[in-house]
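A.B. asks:
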Amino acid sequence: MKKQLSALTLETDVQPVRLRQPARPRMPRRRLANALITAAAVGAAAACGGSSGGGGTDAAGTEAAQKALVEQGKQIFRFDTFGDEAKWTDHLRMHEVIASSVDPLTAFSVGLKVDAEALPEAVANGIRNGTIDLKSPATTVALLKLNAVVGIKGTVETVNGVDRLTRVGTTCALCHSTVDNSFAPGIGKRLDGWPNRDLNPGAIIALSPAIDEAMKKVLNAWGAGKYDPRNNIDGLSKPVVIPPAFGLAGIHRITFTGDGEDIMYWNRYVAVSQMGGLGSVSEPRLNISITNGTVDLVTSKLPALQAYQLSLGAPPPPAGSFDPAAALRGKALFEGAGRCVTCHSGPTFTDANSLLHPPGDSMAEPESPSYASRSATRQYRTTPLKGAWQHPPYFHDGSAATLSDVVTTYNTKRGLGLSSQDIADLAEYLKSL
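In terms of this note's numbering, the sequence shown opens at residue 36 and continues consecutively.
1) Taking Asp460 as part of the beta strand (DSSP E), name the residues at either end of that continuous run.
2) Alpha carbon to alpha carbon, how far is Arg303 from Ala208?
3) Would you kindly report the start and end of the unbroken alpha helix (DSSP H) that includes Ile111?
4) Can you grab the Cα-Cα spacing for the pair Leu226 / Asn216, in whole Å?
5) With respect to the beta strand (DSSP E) encompassing Glu318, which residues constitute its N-terminal and C-terminal limits?
6) With 16 other CB atoms within 10 Å as the buried threshold, where does Arg113 fall?
7) Could you tell me the distance, in whole angstroms, from the CA atom of Pro351 to the CA atom of Pro338?
8) Could you tell me whether the Cβ atoms of Asp432 and Ala399 are closer together than 7 Å?
9) Name the DSSP beta bridge partners of Asn446, please?
10) Using the Cα positions of Thr193 and Arg199, report the straight-line distance between them to the nearest angstrom.
11) Pull up the distance between the alpha-carbon of Val203 and that of Asp138, whole angstroms please.
12) Quick one: is Ala151 buried, meaning 16 or more other Cβ sit within 10 Å of its Cβ, or exposed?
13) Along the chain, where does the alpha helix (DSSP H) that runs through Asn160 open and close?
14) Pick helix, strand or coil for Gly189, following the three-state DSSP scheme.
15) Can you give the Cα-Cα distance for Ala462 and Phe281, rounded to whole angstroms?
16) How many Å lie between Ser434 and Ile133 at the Cα?
17) Given a cut-off of 7 Å on the beta-carbon distance, is the pair Val145 and Ile246 in contact?
18) Buried or exposed: which applies to Ser243, given that a residue is buried once 16 or more other Cβ atoms fall within 10 Å of its Cβ?
19) Looking only at C-alpha atoms, which of Leu254, Ile325, Gly450 and Asp115 sits nearest to Gly189?
20) Within 10 angstroms of its Cβ, does Leu468 collect 16 or more other Cβ (buried), or is it exposed?
21) Secondary structure at Asp198, three-state DSSP: helix, strand or coil?
22) Do the stretch 271-287 and the stretch 322-335 meet, that is, are 3 or more Cβ pairs less than 8 Å apart?
23) Tell me whether Thr175 is buried or exposed, calling it buried when 16 or more other Cβ atoms sit within 10 Å of its Cβ.
24) According to DSSP, is Gly228 helix, strand or coil?
25) Taking C-alpha atoms, which residue in Ser212, Ser403, Val307 and Lys421 lies nearest to Thr326?
26) On the CB-based measure, 16 or more other CB atoms within 10 Å of its CB, does Arg232 come out buried or exposed?
27) Can you find the residues in the same chain that come closer than 6 Å, C-beta to C-beta, to Leu261, ignoring five residues on each side of it along the sequence?
28) Does the beta-carbon distance from Asp119 to Thr205 come in below 7 Å?
29) Would you call the CB atoms of Gly314 and Val333 closer than 7 Å?
30) According to DSSP, which residues form a beta bridge with Asp150?
31) Name the two residues that bound the continuous beta strand (DSSP E) containing Ser324.
What follows is the structure, given as structure tokens:
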């Protein structure tokens, strides 16, 4: 089933706040705290079998501990809701919506996906031969019982022989994982880290009976592959494309506006303020302080979740998907006349670790409201380029449909004087990364 309610959300019980820009807090202190959390997590994993006979953790033990941490993070990424059922069930009542009116075909239409590897053979055969009804909400409930719906976690109880969906929540995989369609469209093996650009979070949330008509209109206007992680904070609406969660190793600022210094910063923000997970998040630069519930189901999971995301490399381009000769010419342009390497530098193809850029540098600006103006930094980071072939449309607002459109936009706005052949060659190089 196609993806739904993303690792980002709407409609928390937080009142809109006025944006302000106080002095930026000392980020090194936060990074130090996060490093200590990570070290404690790795140490705990090592203590569960990674120690040498002499009492120290040897290289093999450290490697085993790291692998264990990554595997733990994988399970969190795919299946942990951080307790957000309180939002999706108790407030939005999405369990009622799913059980009464969301059949698999409807779910596919809003971008939900099904993990083929979670399907028993009998179920897989039933889908193939048509004996399983894909127009029945009961089939959706059955798939949730199998834990087969990517990014949606359901609690199904059997009452008098009938399966009833009693709780539902969301996980990181909802927005940041898709499938390879190897079984059927919308059904296949998981591709963690790949943004689900078929997912229509706004349309999914708008199904909730708790959402008023005015907000439903806003949500339905977002479109597939986009989400606004600031809407429930400032009341404005300027959705951005769902970003990839792969290729993040070596990159500290992982959001479009570079708000945090590591992945844990943004994962905490999303888990609490968007998913509705139980825990706390604060951002003095935006005058935000949110606490959900009385227990913290977020903080202890952040190191493992980050470790898993850092293990997800950018996918290489499919064989035959670009022209090697043109890509070679494009590389020369990338490093020369195109001036791309000025910002898209180094092995990560971004200068984000050392520099952020004013809104005027963005090819999507001017826009109203400016997405950067709603962020903690009020600036943009340079987007990494590895795996760019995989996730059109481009720019933070999705305003460029193809990589050729990206190059054309730069050529026009920066007056680069590139020919049509140059533009085509540069696009081929970007496809090759």
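Cβ atoms here follow ideal geometry from the backbone N, Cα and C, with glycine treated the same way. Given the structure is predicted, the values throughout are model-derived calculations rather than measurements.
C.D. replies: To lay it out plainly:
1) Translated into positions along the sequence shown, residue 460 becomes position 425. Not the beta strand (DSSP E): Asp460 falls in the alpha helix (DSSP H), residues Ser455 to Ser467.
2) Counting from one through the sequence shown, the residue named residue 303 turns up at place 268. Counting from one through the sequence shown, the residue named residue 208 turns up at place 173. Approximately 15 Å between the Cα atoms of the pair.
3) Here residue 111 is taken as the residue at index 76 of the sequence shown, counted from 1. Ala94 to Phe114 is the extent of the alpha helix (DSSP H) around Ile111.
4) By 1-based counting over the sequence shown, the position of residue 226 is 191. By 1-based counting over the sequence shown, the position of residue 216 is 181. Roughly 10 Å between the two C-alpha positions.
5) Sequence index remark: in the sequence shown, residue 318 carries index 283 (1-based). Taken as a continuous stretch (DSSP letters only), the beta strand (DSSP E) holding Glu318 covers Gly314 to Glu318.
6) Walking along the sequence shown from the start, residue 113 turns up at place 78. Per the 10 Å Cβ criterion, buried.
7) Within the sequence shown, the letter at position 316 stands for residue 351. Within the sequence shown, the letter at position 303 stands for residue 338. A straight-line Cα-Cα distance of about 26 Å links Pro351 and Pro338.
8) Counting from 1 along the sequence shown, the entry for residue 432 is found at position 397. Counting from 1 along the sequence shown, the entry for residue 399 is found at position 364. Contact flag set, yes.
9) By 1-based counting over the sequence shown, the position of residue 446 is 411. Its beta-bridge partners do not exist; DSSP assigns none.
10) In the sequence shown, residue 193 corresponds to position 158, counting from 1. In the sequence shown, residue 199 corresponds to position 164, counting from 1. Using only the alpha carbons, I get a separation of about 6 Å.
11) Along the sequence shown, one-based indexing puts residue 203 at 168. Along the sequence shown, one-based indexing puts residue 138 at 103. Between Val203 and Asp138, the alpha-carbon positions lie close to 15 Å from each other.
12) Within the sequence shown, residue 151 is the residue found at index 116, counting from 1. In the assembly as shown, Ala151 is a buried residue. Its beta-carbon has 16 or more other beta-carbons within 10 Å.
13) Taking the first residue of the sequence shown as 1, we reach residue 160 at position 125. Annotation for Asn160: the continuous alpha helix (DSSP H) segment containing it runs Glu156 to Asn164.
14) Along the sequence shown, read from residue 1 onward, the residue named residue 189 stands at position 154. Correct three-state label for Gly189: strand.
15) Here residue 462 corresponds to residue number 427 of the sequence shown, with the count starting at 1. Here residue 281 corresponds to residue number 246 of the sequence shown, with the count starting at 1. Distance between the alpha carbons of Ala462 and Phe281: 21 Å.
16) Taking the sequence shown and counting its residues from 1, one reaches residue 434 at position 399. Taking the sequence shown and counting its residues from 1, one reaches residue 133 at position 98. Each residue's Cα considered, the two are about 32 Å apart.
17) As a first step, residue 145 must be located in the sequence shown, where it is residue number 110. As a first step, residue 246 must be located in the sequence shown, where it is residue number 211. Cβ atoms of Val145 and Ile246: not closer than 7 Å.
18) Locating residue 243 in the sequence shown gives position 208, where the first residue counts as 1. By the neighbour-count rule (16 or more Cβ atoms within 10 Å), Ser243 is buried.
19) Start at 1 with the first residue of the sequence shown, and residue 189 comes out as number 154. Ranking Leu254, Ile325, Gly450 and Asp115 by Cα distance to Gly189 puts Asp115 first.
20) Start at 1 with the first residue of the sequence shown, and residue 468 comes out as number 433. Leu468 sits buried, since 16 or more C-beta atoms from the chains shown fall within 10 Å of its C-beta.
21) Counting from 1 along the sequence shown, the entry for residue 198 is found at position 163. In the three-state scheme derived from DSSP, where H, G and I count as helix and E and B as strand, Asp198 is classed as strand.
22) A contact between stretches requires three or more CB pairs, one per stretch, nearer than 8 Å, and the stretch 271-287 fails this requirement with the stretch 322-335.
23) Taking the sequence shown and counting its residues from 1, the one referred to as residue 175 is at position 140. Buried, since its Cβ has 16 or more Cβ neighbours within 10 Å.
24) On the sequence shown, position 193 is the one that residue 228 refers to. If DSSP states are grouped into helix, strand and coil, Gly228 belongs with coil.
25) Translated into the one-based positions of the sequence shown, residue 326 becomes position 291. Taking only the C-alpha atoms, the option nearest Thr326 is Val307.
26) Taking the sequence shown and counting its residues from 1, the one referred to as residue 232 is at position 197. So Arg232 counts as buried.
27) Residue mapping note: residue 261 aligns to position 226 of the sequence shown, counting from 1. Checking the displayed sequence, the identity of residue 261 turns out to be Lys instead of Leu. Non-local beta-carbon contacts of Lys261 in its own chain, meaning distances under 6 Å to residues more than five positions away in sequence, involve Pro274 and Val276 in chain order.
28) On the sequence shown, residue 119 is found 84 positions in, with the first residue counted as 1. On the sequence shown, residue 205 is found 170 positions in, with the first residue counted as 1. For Asp119 and Thr205, yes; Cβs fall inside 7 Å.
29) Numbered from 1 along the sequence shown, position 279 holds the residue referred to as residue 314. Numbered from 1 along the sequence shown, position 298 holds the residue referred to as residue 333. Going by C-beta atoms, Gly314 is nearer than 7 Å to Val333.
30) On the sequence shown, position 115 is the one that residue 150 refers to. Looking at the DSSP assignment, Asp150 forms a beta bridge with Gly223.
31) Counting from 1 along the sequence shown, the entry for residue 324 is found at position 289. Counting along the chain, Ser324 sits inside the beta strand (DSSP E) bounded by residues Ile323 to Asn327.
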